[in-house]
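Encoded as structure tokens, the structure appears first; notes follow it.
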Amino acid sequence: MKKRTITGDFTLQSGETFPGKLKIQGHKSVLTVYCGSIRPNNIGNQTIHGTSHTGEKITLIDCISHGPTIRFAQLQSVTLEFYSSYILLGQGQIFPDSTRITRARFRTRDMASVFYDLRDFHYNRITKDTAEALIEENAIRNVNIGDHPQICYFSGKYVIFEIDTIIGRIWAENSPSTTLGGFKGLQIRNKVYINIEFETGLLLNDALMAIQDLACLMSVIAGRTQKTRSVKLYLNETEELSLVTTIEQVQEEDGGYIHRGDLPLDAIRRPDEFFRVIQQWLIRHKEWHIPRYRWAACQVKASLYDIDRIVAAANMLDILPEGATPKLNTLTPELMAAKENCRGIFYKLPDSPERSSVLGALGRLSKPSLPQKCKHRVSIIQDAMPTPLPDLAFVASIAVKVRNYFVHGSSFPNVDRTLDFMPFLTDTLEFVFLASDLIECGWQMWDWETNDLGYGHSMSRYMRGYPDNLRELRHVHPDVKL
Numbered sequence: 001m002k003k004r005t006i007t008g009d010f011t012l013q014s015g016e017t018f019p020g021k022l023k024i025q026g027h028k029s030v031l032t033v034y035c036g037s038i039r040p041n042n043i044g045n046q047t048i049h050g051t052s053h054t055g056e057k058i059t060l061i062d063c064i065s066h067g068p069t070i071r072f073a074q075l076q077s078v079t080l081e082f083y084s085s086y087i088l089l090g091q092g093q094i095f096p097d098s099t100r101i102t103r104a105r106f107r108t109r110d111m112a113s114v115f116y117d118l119r120d121f122h123y124n125r126i127t128k129d130t131a132e133a134l135i136e137e138n139a140i141r142n143v144n145i146g147d148h149p150q151i152c153y154f155s156g157k158y159v160i161f162e163i164d165t166i167i168g169r170i171w172a173e174n175s176p177s178t179t180l181g182g183f184k185g186l187q188i189r190n191k192v193y194i195n196i197e198f199e200t201g202l203l204l205n206d207a208l209m210a211i212q213d214l215a216c217l218m219s220v221i222a223g224r225t226q227k228t229r230s231v232k233l234y235l236n237e238t239e240e241l242s243l244v245t246t247i248e249q250v251q252e253e254d255g256g257y258i259h260r261g262d263l264p265l266d267a268i269r270r271p272d273e274f275f276r277v278i279q280q281w282l283i284r285h286k287e288w289h290i291p292r293y294r295w296a297a298c299q300v301k302a303s304l305y306d307i308d309r310i311v312a313a314a315n316m317l318d319i320l321p322e323g324a325t326p327k328l329n330t331l332t333p334e335l336m337a338a339k340e341n342c343r344g345i346f347y348k349l350p351d352s353p354e355r356s357s358v359l360g361a362l363g364r365l366s367k368p369s370l371p372q373k374c375k376h377r378v379s380i381i382q383d384a385m386p387t388p389l390p391d392l393a394f395v396a397s398i399a400v401k402v403r404n405y406f407v408h409g410s411s412f413p414n415v416d417r418t419l420d421f422m423p424f425l426t427d428t429l430e431f432v433f434l435a436s437d438l439i440e441c442g443w444q445m446w447d448w449e450t451n452d453l454g455y456g457h458s459m460s461r462y463m464r465g466y467p468d469n470l471r472e473l474r475h476v477h478p479d480v481k482l
């Protein structure tokens, strides 16, 4: 939202109402309240409601203040500055603990590319007779038809797709805008919006979380970070609110370009698969949301590959829900007896970091390790491909070793030369996580993999560069076998 200043009357949680000025400028947004000679009773974390002098309703969520500023001249003057997490502007006001949101609408930077249908927007040269027939049929006046007419058109199809999911009805829609024409010509510009209609109204925090969940899903489809924009919340059919996020957000790095032929899901050409995966992805999201958001956080870094990223990429495989990992290891009676004996010995010792470390290791003895989890997720991908990626389990195992080197200090042969492959190894862990997740949601990877893949998605870029990267990594680790 553009910078703007709003003046009006604002009611604090204490019930006191004061004139104020709201400056909206991203993370620097601030509400200044002029209290005169009155010191408000409660300036702690609160929701503030206001009405502008033009009648616009305002809600500020999670407001905090550093305390009053008091000036003494002839009269005492008290002012308060409040900083909030979210600002809502529109035809109604929200009470976070009771107001229900019925629908949400937003867009991201790549949705027009992801859901573009050549049949919806196009340009054509037509004959003079065809142009005259169109003008006559539609009663269009003042058109000077030449010998070589051209038309730009929007087909009129607003709804791109519509699907019922566990969180409600979701649909994407075209929102074209057209210039009136002139000496510079004319233009049709389009933005694509995602809508969610909740089956039962949601409280504000739940509605915002649903929006972020969908933005995460859109990042999966696009292959790079999708930050929400132009967010609208609806209390009913007529009350619309614009959401302003005042929390400072990370910048969207370029992260490559988008090419629809490289995207794993296509709502236009493969709608059945698209609907199936979206529904299942959302069903699983309650259990998967933590590792998925770790994946999304990695994508924010785009072409930056640092230690934190490879550690995070490995950890998202380590914190997968129980059903996504191998079954518990079956210990032999001898191992089980040794485990219990050791536990008894260390349990009696005084508390110390060493004692806790050994007890923790004993507790994890029957649980699958990170290398086992990673190998299991690799097998899901290999089984889904007509021609499995050669040595993918080997590459993933080296990536885990690099992670263990940074986390535990566990060295291994040629570690210095291996660190040169940090981008490839990080991408491997992210690819394994994302591809195996989508496959379990119903993605037909074999159809995608047989396309002539380019560089228009993070997974297609990985596939294109895989043979060369594998060959160079094998030069460093020629004898490692799994």
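Here the sequence shown is numbered in the working numbering, starting from 1 and rising by one per residue.
Each residue gets a CB set at the ideal place from its N, CA and C atoms; glycine is no exception.
Among the candidates PHE424, SER352 and SER436, whose CA atom is the shortest distance from the CA of ASP292?
If you number the sequence shown from 1, residue 292 lands on position 292. Checking the displayed sequence, the identity of residue 292 turns out to be Arg instead of Asp. Checked all of PHE424, SER352 and SER436; the closest Cα to ARG292 is SER436.
Would you call the stretch 152-168 and the stretch 118-127 touching, i.e. three or more CB-CB distances under 8 angstroms?
Enough Cβ pairs lie closer than 8 angstroms, so yes.
State the DSSP-derived secondary structure class of LEU214, mapped to helix, strand or coil.
The sequence position of residue 214 within the sequence shown is 214, counting from 1. LEU214 falls in the helix class under three-state DSSP.
Tell me the residue span of the alpha helix (DSSP H) that contains ALA139.
Along the sequence shown, read from residue 1 onward, the residue named residue 139 stands at position 139. Here ALA139 belongs to no alpha helix (DSSP H), and DSSP marks it neither H nor E.
To the nearest angstrom, how far is the alpha carbon of CYS441 from that of VAL476?
Sequence index remark: in the sequence shown, residue 441 carries index 441 (1-based). Sequence index remark: in the sequence shown, residue 476 carries index 476 (1-based). The straight-line gap from Cα to Cα measures roughly 36 angstroms.
Should LYS339 and LEU365 be called a contact, given that it needs their Cβ atoms to be closer than 8 angstroms?
Taking the sequence shown and counting its residues from 1, the one referred to as residue 339 is at position 339. Taking the sequence shown and counting its residues from 1, the one referred to as residue 365 is at position 365. Closer than 8 angstroms, so yes.
In this structure, what does DSSP give as the bridge partners for ILE6?
Translated into the one-based positions of the sequence shown, residue 6 becomes position 6. According to DSSP, which records beta bridges pairwise, ILE6 is partnered with LEU22.
Could you tell me which uninterrupted alpha helix (DSSP H) segments, each at least 4 residues in length, are contained entirely in the stretch 344-377, listed from first to last along the chain?
Listed in chain order, the complete alpha helix (DSSP H) runs (minimum 4 residues) inside the stretch 344-377 are 353-363.
Based on the DSSP output, what are the partners of ILE98 in its beta bridges?
Translated into the one-based positions of the sequence shown, residue 98 becomes position 98. One detail in the question is off: residue 98 reads as Ser in this sequence, not Ile. Partner(s): none; SER98 has no beta bridge.
Specify, as a first and last residue, the run of the beta strand (DSSP E) that ILE151 falls within.
Sequence index remark: in the sequence shown, residue 151 carries index 151 (1-based). Here the beta strand (DSSP E) through ILE151 covers 150-154.
For the stretch 285-330, list the alpha helix (DSSP H) runs that are entirely contained and at least 4 residues long, ordered along the chain.
Listed in chain order, the complete alpha helix (DSSP H) runs (minimum 4 residues) inside the stretch 285-330 are 307-318.
Please list the terminal residues of the continuous alpha helix (DSSP H) segment that includes ARG119.
In the sequence shown, the residue the question calls residue 119 occupies position 119. Neither: ARG119 is in no alpha helix (DSSP H) and is coded neither H nor E.
What whole-angstrom Cβ distance do LEU389 and TYR466 have, given they're in contact under 8 angstroms?
For the purposes of this step, residue 389 is taken as residue 389 along the sequence shown, with counting starting at 1. For the purposes of this step, residue 466 is taken as residue 466 along the sequence shown, with counting starting at 1. At roughly 6 angstroms, the Cβ-Cβ gap stays under 8 angstroms, so LEU389 and TYR466 are in contact.
THR245 by DSSP, collapsed to three states: which one?
Stepping through the sequence shown from its first residue, residue 245 is reached at position 245. DSSP places THR245 in strand when its eight states are reduced to three.
Between LEU484 and CYS63, what straight-line distance do the alpha-carbon atoms span, to the nearest angstrom?
The requested residue 484 does not occur in the structure, where the chain is confined to residues 1 to 482.
Considering only their Cβ atoms, is the gap separating ILE61 from THR51 smaller than 8 angstroms?
As a working note, residue 51 is residue 51 in the sequence shown. As a working note, residue 61 is residue 61 in the sequence shown. It is not a contact, given that the beta carbons lie outside the stated cut-off.
For the alpha helix (DSSP H) that contains SER113, what are its first and last residues?
Position 113 of the sequence shown, counted from the first residue, corresponds to residue 113. Where SER113 is concerned, the enclosing alpha helix (DSSP H) stretches over 111-114.
What would DSSP say about GLN444, mapped onto helix, strand or coil?
Looking up residue 444 in the sequence shown gives position 444. Note: GLN444 maps to coil in three-state DSSP.
Can you check DSSP and say which residues form a bridge with THR165?
The residue you call residue 165 lines up with position 165 of the sequence shown. Beta-bridge pairing links THR165 to GLY168.
Would you mind reading off the limits of the alpha helix (DSSP H) that contains VAL402?
Walking along the sequence shown from the start, residue 402 turns up at place 402. Start and end: 392-408.
Assuming contact is defined by CB atoms lying nearer than 8 angstroms, are ILE307 and LEU425 in contact in what I supplied?
Residue mapping note: residue 307 aligns to position 307 of the sequence shown, counting from 1. Residue mapping note: residue 425 aligns to position 425 of the sequence shown, counting from 1. No; because the gap between Cβ atoms is not below 8 angstroms, this pair is not in contact.
Kindly indicate the opening and closing residues of the alpha helix (DSSP H) around VAL415.
For this step, residue 415 is matched to residue 415 along the sequence shown. Unbroken alpha helix (DSSP H) run through VAL415: 415-418.
Taking ALA104 and LYS232 to be in contact with their CB atoms under 8 angstroms, please state how far apart those CB atoms are, rounded to whole angstroms.
Residue mapping note: residue 104 aligns to position 104 of the sequence shown, counting from 1. Residue mapping note: residue 232 aligns to position 232 of the sequence shown, counting from 1. Right, the Cβ-Cβ distance comes to about 7 angstroms (below 8 angstroms), so this counts as a contact.
Check the DSSP bridge columns for VAL30 and list the partner residues they point to.
As a working mapping, residue 30 is identified with position 30 in the sequence shown. Paired residue(s): LYS23.
Can you give the beta carbon distance from ARG464 to GLY454, rounded, assuming they're within the 8 angstroms contact cut?
Within the sequence shown, numbered from 1, the residue matching residue 464 stands at position 464. Within the sequence shown, numbered from 1, the residue matching residue 454 stands at position 454. About 7 angstroms separates the two Cβ atoms, so the contact holds.
Since TYR347 contacts PRO423 with CB under 8 angstroms, what's their CB separation in whole angstroms?
Numbered from its first residue, the sequence shown carries residue 347 at position 347. Numbered from its first residue, the sequence shown carries residue 423 at position 423. The pair is not a contact, with the Cβ atoms about 44 angstroms apart (cut-off 8 angstroms).
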